[in-house]
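Just so you know, the numbering used here puts the end of the sequence shown at 1369, numbered straight through with nothing missing.
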Amino acid sequence: MNHIGNIIHKLRLNQGMSRKKLCENICSDKYLYMVEKGLRSPSTEIVRLLSIRLGDNLFEYYEFLDCDEPIQVKKLVNKFTMYRAIADFNKLEEANDRAAKLPDFKKAPWKYEIKVNNIAHSVFVDHKYEVAIEKINKLIDKIEPRYREEGFTANLYIMLSTCYQFYHNIEKSKEAILKANEILNNKTMLLRYSHIIISVKLNIMTLAHISGENDLAIEHGLWINHYQLETNTYERANFTYYYLAYAYYKKEMKTEAVEWFEKCLYELLIQYSPVPAYYISTYGPFYELFSRDYISEELINKIKKQYSFIDNDTKQNLLKASEVKALDL
């Protein structure tokens, strides 16, 4: 089994830092030597100070200490989270292939991350929803009880919900997403779960749109907005803003609909995001809102200039408000 001293030793060598430099004004050279050899357990204060010196949060490595290669496992798990968040499934597949070669990813719990990535490819790249549903249900049944509150289990339920949406099985889709929500209910202060938490809430909003439960969509949209303000995480804020605009539009609350729709558009202008922009423009009442009846011509022209596929004249991508489809979130 690894120990934190081994992590410190490897990170120090990776940076070409001497033991003397690392321990300067923190602890004695002998103390650090014993920590690196696993003969002493450093205090929380020492770990904090060494983290600052190394420029790496040592506390984040504790959950990986059972791994043979804790540094590599942590790095790859972080990459999984990042590539899932930006829906870069090519990069996710590359990282997954590298991880699959490491012994740690052949054992629980990390082996489940590999399986989640493989299923994500089936869902979001191959669009083999029936195959994915079967794989997800079998995998969930095989997960040991101790791991059923993990992020990867919630991810499985999110993908299951998405698959059922494509088959218009709304009841099963709701059942799956509520199970994911239950897993994540008490994890809102764990920032590494923020991507999954937002995915769950956006999926709940999608289902609320389908069911015409506009108040429920607004409730969860405002929750996401508050959560992102509290945690300073704004990933997929464009979706949140648009989903809120959608719900307010359906409630015929024009002022609120315009407010959130403008936020969505300005977010798309600030950060070029063609994939979210495409999905948003083909979802719900986008083109009804994307008109001079709701927003300024200046803003319309700026969006059309930045995203050439958005065209409210031809409306080639327009879906009627009732023709809701699942999004690759």
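Just so you know, even glycine gets a beta-carbon here, dropped at the ideal spot from N, CA and C.
Asp1108 - DSSP class collapsed to helix/strand/coil: Taking the sequence shown and counting its residues from 1, the one referred to as residue 1108 is at position 68. In this structure, Asp1108 counts as coil in the three-state DSSP scheme.
Own chain partners of Val1000 with C-beta closer than 8 Å, once the 5 adjacent residues on each side are dropped: No answer is possible for residue 1000: the residues shown for the chain start at 1041 and end at 1369.
Inter-residue spacing [alpha-carbon to alpha-carbon] between Glu1153 and Glu1292: Position 113 of the sequence shown, counted from the first residue, corresponds to residue 1153. Position 252 of the sequence shown, counted from the first residue, corresponds to residue 1292. About 43 Å.
Helix, strand or coil at Phe1349 [DSSP, three-state]: As a first step, residue 1349 is located in the sequence shown; it is residue number 309 there, counting from the start. Reduced to three states, the DSSP call for Phe1349 is coil.
Endpoints, the alpha helix (DSSP H) within which Pro1143 is located: Taking the sequence shown and counting its residues from 1, one reaches residue 1143 at position 103. Unbroken run through Pro1143: none, as it is neither H nor E.
Burial state of Ala1148 (16 or more Cβ within 10 Å): The count along the sequence shown starts at 1 and reaches residue 1148 at position 108. Per the 10 Å Cβ criterion, exposed.
Pairwise C-alpha distance: Arg1093 and Val1075: Numbered from its first residue, the sequence shown carries residue 1075 at position 35. Numbered from its first residue, the sequence shown carries residue 1093 at position 53. If you take the alpha carbons of Val1075 and Arg1093, they lie about 16 Å apart.
Contacting residues, own chain, Cβ-Cβ under 7 Å from Pro1143 (five flanking each side not counted): Counted from its first residue, the sequence shown places residue 1143 at position 103. Once the five neighbours on either side are set aside, the close Cβ partners of Pro1143 are Asp1108.
Three-way DSSP call (helix, strand, coil) for Glu1049 in this model: Position 9 of the sequence shown, counted from the first residue, corresponds to residue 1049. According to the sequence shown, residue 1049 is His rather than Glu. Correct three-state label for His1049: helix.
Uninterrupted alpha helix (DSSP H) stretches inside the stretch 1196-1226 (no shorter than 4 residues): 1210-1224
Through-space distance from His1043 to Glu1103, alpha-carbon basis: Position 63 of the sequence shown holds residue 1103. Position 3 of the sequence shown holds residue 1043. So the two alpha carbons sit approximately 11 Å from each other.
Closest Cα partner of Phe1326 within the set Glu1064, Glu1307 and Asp1351: Numbered from 1 along the sequence shown, position 286 holds the residue referred to as residue 1326. The residue with the shortest Cα to Cα distance from Phe1326 is Asp1351.
Neighbourhood of Asn1357 by C-beta, 6 Å cutoff - its chain only, sequence neighbours within 5 removed: Reading the sequence shown from its first residue, position 317 is the one you call residue 1357. Any reading at Asn1357 must be qualified, since the residue scores a pLDDT of 44, below 50, and its modelled position is unreliable; no value is offered.
Where the alpha helix (DSSP H) containing Cys1067 begins and where it ends: On the sequence shown, position 27 is the one that residue 1067 refers to. Cys1067 -> no alpha helix (DSSP H), and no H or E assigned at all.
Nearest candidate by alpha-carbon position, reference Phe1120, set Lys1214, Asp1255 and His1235: Within the sequence shown, the letter at position 80 stands for residue 1120. Minimum Cα distance to Phe1120 is reached at His1235.
Which listed residue (Asn1046, Phe1099 and Gly1078) has its alpha carbon closest to that of Thr1084: Taking the sequence shown and counting its residues from 1, one reaches residue 1084 at position 44. Comparing Cα-Cα distances from Thr1084 to each of Asn1046, Phe1099 and Gly1078, the minimum goes to Phe1099.
Alpha-carbon spacing of Cys1203 relative to His1260, whole angstroms: Walking along the sequence shown from the start, residue 1203 turns up at place 163. Walking along the sequence shown from the start, residue 1260 turns up at place 220. Distance between the alpha carbons of Cys1203 and His1260: 21 Å.
Segments assigned alpha helix (DSSP H), at least 4 residues, entirely inside the stretch 1299-1325: Fully enclosed alpha helix (DSSP H) runs of 4 or longer: 1314-1321.
Burial state of Ser1348 (16 or more Cβ within 10 Å): Counting from one through the sequence shown, the residue named residue 1348 turns up at place 308. Taking every protein chain shown into account, the CB of Ser1348 has fewer than 16 other CB atoms within 10 angstroms, so this residue is exposed.
Three or more C-beta pairs below 8 Å linking the stretch 1185-1197 and the stretch 1164-1174: no
CA-to-CA distance, Gln1268 to Gln1175, given in whole angstroms: The sequence position of residue 1175 within the sequence shown is 135, counting from 1. The sequence position of residue 1268 within the sequence shown is 228, counting from 1. Per the sequence shown, the amino acid found at residue 1175 is Lys instead of Gln. Each residue's Cα considered, the two are about 33 Å apart.
Coarse secondary structure for Phe1099, derived from DSSP in three states: As a working note, residue 1099 is residue 59 in the sequence shown. Helix.
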